[in-house]
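Quick note on numbering: the sequence shown equals residues 2 to 97 in the working numbering. What follows is one structure encoded as structure tokens, with my remarks underneath.
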Amino acid sequence: GHEIEIVTTYKILVDGKKIRAPLGVDASGQVHCHSLPNYQTASAVDMVRALIDGFPEEFERKPAGAKRQPPASHKRRPAPARKSRPAAKKGSKHEH
């Protein structure tokens, strides 16, 4: 017997925008994706359709000129405000 390995790379675009969807294909040709662990489809196109159906908010069309917001898990939170202290004079003692 021989070990057969096929390595492919896909660039997936939805409405002209690249999406990251780590697709895999098993030995029987079924496509799976980590984002939908309980799904297997017959094609990559069917899997992307399932992703669109499963996560419609990620595929909403934005009006022209609207900035794309990062997913909720990637939004940056403002750093907590820090109290500023007056600079200590050189040679002076400073208690904390």
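Note that CB positions come from ideal geometry on N, CA and C, so glycine has one too.
- In the DSSP assignment, Gly55 falls outside any beta strand (DSSP E) and lies within the alpha helix (DSSP H) extending over 45-55.
- Looking at the backbone, the Cα of Ile7 and that of Met48 are separated by about 19 Å.
- In the DSSP assignment, Ile20 forms a beta bridge with Ile13.
- In summary, Val46 is exposed, with fewer than 16 beta-carbon neighbours lying within 10 Å of its beta-carbon over all protein chains present.
- Linking Val15 to Ile5 through their CA atoms gives a straight-line distance of about 31 Å.
- Between Cys34 and Ala22, the beta carbon gap of about 6 Å places them in contact (Cβ cut-off 8 Å).
- Counted as a single uninterrupted DSSP element, the beta strand (DSSP E) harbouring Val32 occupies residues 32-34.
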